[in-house]
Amino acid sequence: MRLLVTGGCGFIGSAYVRLALAEGHEVRVLDKLTYAGRPENIEGTGAELVEGAIEDPAVAGEAMAGCEAVVNFAAESHVDRSIADPEAFARTHVIGTSVLLDAVRERGVARYLQVSTDEVYGSIESGSFDESSPIQPSSPYSATKAAGDLLVSAHVHTYATEAVICRGSNNYGPRQYPEKLIPLMVLNALHGDSLPVYGDGRQVRNWLYMEDFARAIHTVLERGRPGEAYNAGGPDEMENLDVVRRILELTGRDESLIEHVTDRPGHDRRYSLGSEKIRSELGWEARVRFAEGLEQTVSWYRDNESWWEPIRSGDYREYYERQYGRALG
Ligand code: NAD
Ligand code: DAU
Numbered sequence: 000m001r002l003l004v005t006g007g008c009g010f011i012g013s014a015y016v017r018l019a020l021a022e023g024h025e026v027r028v029l030d031k032l033t034y035a036g037r038p039e040n041i042e043g044t045g046a047e048l049v050e051g052a053i054e055d056p057a058v059a060g061e062a063m064a065g066c067e068a069v070v071n072f073a074a075e076s077h078v079d080r081s082i083a084d085p086e087a088f089a090r091t092h093v094i095g096t097s098v099l100l101d102a103v104r105e106r107g108v109a110r111y112l113q114v115s116t117d118e119v120y121g122s123i124e125s126g127s128f129d130e131s132s133p134i135q136p137s138s139p140y141s142a143t144k145a146a147g148d149l150l151v152s153a154h155v156h157t158y159a160t161e162a163v164i165c166r167g168s169n170n171y172g173p174r175q176y177p178e179k180l181i182p183l184m185v186l187n188a189l190h191g192d193s194l195p196v197y198g199d200g201r202q203v204r205n206w207l208y209m210e211d212f213a214r215a216i217h218t219v220l221e222r223g224r225p226g227e228a229y230n231a232g233g234p235d236e237m238e239n240l241d242v243v244r245r246i247l248e249l250t251g252r253d254e255s256l257i258e259h260v261t262d263r264p265g266h267d268r269r270y271s272l273g274s275e276k277i278r279s280e281l282g283w284e285a286r287v288r289f290a291e292g293l294e295q296t297v298s299w300y301r302d303n304e305s306w307w308e309p310i311r312s313g314d315y316r317e318y319y320e321r322q323y324g325r326a327l328g
């Protein structure tokens, strides 16, 4: 297939680009190159890069020319930024998804996959969400992602668009922008900076190695039933504090670096995603356990300063000061 991958210069999108190319597909990437869009993530892979925004109808339509499928990763992906400034989230997730779906319909593209998140279901105290759980997002990030998902369902229902949705739990791995918990804590620990844990740090996340998510997305693209959503959850649930302690062990630091800071407003306490449907219908299962994936991730950041140094010495410093009220060391 010739695939259009939007947001392919980001963390998970670029892992998916590598997977799709390895499977013999042709890949064109459409990416706005926001702070999180790193062209170096797909450098040398053979993917074609078109710079542009999915919410621009002319750009989106043209980028789809000759493609049999569109895989939409393009997003503003950080919850804290959505709390500080929600507008870009609405533009990309709502207008952008709507523009892509219209272009898919007008151009007769055979297949569309929406990359989505467990956060559309909201927080759950015990048990796990499945695909029939109510959509109850709680942050501007998840509310706008949910709106994107609902637009996909509306296009399936109204125009018989061949679209599918794949919802992942918290991803981690190489090339994740260091605003997210794991890379932020790894880089701070490597530098001996304090580790800012929100609130009591007992929130629970369900960790999924990004290559496992990329494989789930590809499986759903190829074999998912049109109109259906599929959850892809990680194999291990962890409290944030335990994740941070493990990172301290792997980087040879002690717990004195942990600092409890003001909690995130409206912080979802626990996510948990059941993957029974994708497992029984499509045979997908996560392969990488958290202990192994975290070790690989820490090693990658240790060995790839040339990837993160330009980020950590650039705009990220201003973001960090705004978000955490202090300078990076
Ligand atoms: P990321 O922030 O690393 O990358 C997002 C990419 O989208 C960047 O390359 C950025 O430049 C691009 N982009 C942003 N707005 C755009 C626009 N308007 N037009 C074109 N390109 C645009 O994000 P990520 O963590 O790789 O997440 C990718 C997708 O996976 C998102 O849809 C996200 O909601 C979803 N997801 C992420 C996680 C996670 O834990 N990171 C988990 C589940 C689902
Ligand atoms: O669940 C899937 C979602 O996971 C994706 O859809 C989002 O794109 C992705 O950003 C992620 O959202 P989270 O808010 O769960 O991830 P984040 O890495 O920002 O935070 C993980 C947990 O760690 C959360 O409970 C907040 C906490 N945290 C985070 C940061 C950045 C801290 O305690 N301190 C921090 O500095």
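Take the sequence shown: its letter number 280 is residue 279 in numbering that gives the first Met the number 0, and every next letter is one higher.
Positions of the beta carbon are idealized from the N, C-alpha and C atoms, including for glycine.
It should be emphasised that the depicted structure is a prediction, and the values quoted were computed from it without experimental measurement.
Cβ-heavy atom distance, residue i to the ligand NAD, below 8 Å
| i | result |
| --- | --- |
| I11 | yes |
| L149 | no |
| E75 | yes |
| K144 | yes |
| Y176 | yes |
| Y318 | no |
| C66 | no |
| R263 | no |
Pick from the options that is closest to residue i, judged by C-alpha positions
| i | options | result |
| --- | --- | --- |
| Y120 | P264, A285 and G167 | G167 |
| R104 | E161, D241, E75 and S152 | E161 |
| E130 | N230, E304 and N71 | N230 |
| T5 | E22, E61 and D253 | E61 |
| V93 | A57, A153, F128 and D117 | A153 |
| Q135 | V155, Y270, W306 and R80 | Y270 |
| I41 | E22, V16, I277 and S122 | V16 |
| A142 | D192, Y176 and I82 | I82 |
| D267 | F88, L2, I123 and A89 | I123 |
| R204 | L272, E304, A14 and S305 | L272 |
| V26 | D79, E275 and G12 | G12 |
| Y208 | R174, L189, S193 and D192 | R174 |
| A159 | I216, A188 and R224 | R224 |
| D55 | A73, Y300 and E280 | A73 |
| L249 | R278, W299 and E227 | W299 |
| E227 | K276, Y34 and L189 | K276 |
| A102 | S125, N71, R263 and G191 | N71 |
| L3 | A146, L29 and L281 | L29 |
| Y34 | H217, Y318 and A21 | Y318 |
| V98 | A59, I310, K144 and E254 | A59 |
| R37 | G328, L327, Q322 and W307 | W307 |
| E22 | G9, F10, M0 and E39 | M0 |
| D314 | L189, A326 and W283 | A326 |
| G233 | E75, R201, N170 and P264 | N170 |
| S132 | A285, E320, S274 and L281 | S274 |
| L150 | V78, L247, L220 and V114 | V114 |
| L100 | D148, R222 and P139 | D148 |
| D79 | L186, Y140, R311 and G172 | Y140 |
| G191 | L20, S255, V155 and G172 | S255 |
| D117 | R90, W206 and G95 | W206 |
Residue(s) in a DSSP beta bridge with residue i
| i | result |
| --- | --- |
| Y111 | V69 and A162 |
| H259 | V196 |
| R1 | E25 |
| R269 | V203 |
| Y171 | Y208 |
| F128 | L272 |
| T116 | G167 |
heavy atom of the ligand DAU below 8 Å from residue i C-beta
| i | result |
| --- | --- |
| A231 | no |
| E124 | no |
| Q202 | yes |
| Y330 | The shown model of the chain, from 0 to 328, leaves out residue 330, and the question about it has no answer. |
| G223 | no |
| H266 | yes |
| G43 | no |
| S141 | yes |
| V297 | no |
| V28 | no |
| V260 | yes |
| P195 | yes |
| S168 | yes |
| K31 | no |
Could you tell me which whole beta strand (DSSP E) segments of length 3 or greater appear in the stretch 177-257? Inside the stretch 177-257, DSSP marks whole beta strand (DSSP E) runs of 3 or more residues at positions 194-197, 203-208, 228-231 and 235-238, from first to last along the chain.
Do three or more CB pairs link the stretch 60-70 to the stretch 109-117 at distances below 8 Å? In this structure the stretch 60-70 touches the stretch 109-117; the number of beta carbon pairs closer than 8 Å is three or more.
Assess, as a yes-or-no matter, whether the stretch 228-246 is touched by the stretch 171-181 under the definition of 3 or more beta carbon pairs within less than 8 Å. The count of Cβ pairs closer than 8 Å, one atom from the stretch 171-181 and one from the stretch 228-246, reaches three, so the stretches are in contact.
What are the start and end residues of each continuous beta strand (DSSP E) run of 3 or more residues lying completely inside the stretch 20-94, in chain order? Listed in chain order, the complete beta strand (DSSP E) runs (minimum 3 residues) inside the stretch 20-94 are 25-30, 47-50 and 68-71.
Taking one C-beta from the stretch 192-212 and one from the stretch 251-265 each time, how about it: are there three or more such pairs within less than 8 Å? With a cut-off of 8 Å, the stretch 251-265 and the stretch 192-212 count as touching, because enough Cβ pairs lie within range.
Is it a yes or a no for the stretch 282-293 touching the stretch 221-237, going by three-plus beta-carbon pairs under 8 Å? Contact holds: three or more Cβ-Cβ distances are below 8 Å.
Quick check: the stretch 30-49 against the stretch 206-214, are there 3 or more CB pairs under 8 Å? Inter-segment contact for the stretch 30-49 and the stretch 206-214 is absent: fewer than three beta-carbon pairs are separated by less than 8 Å.
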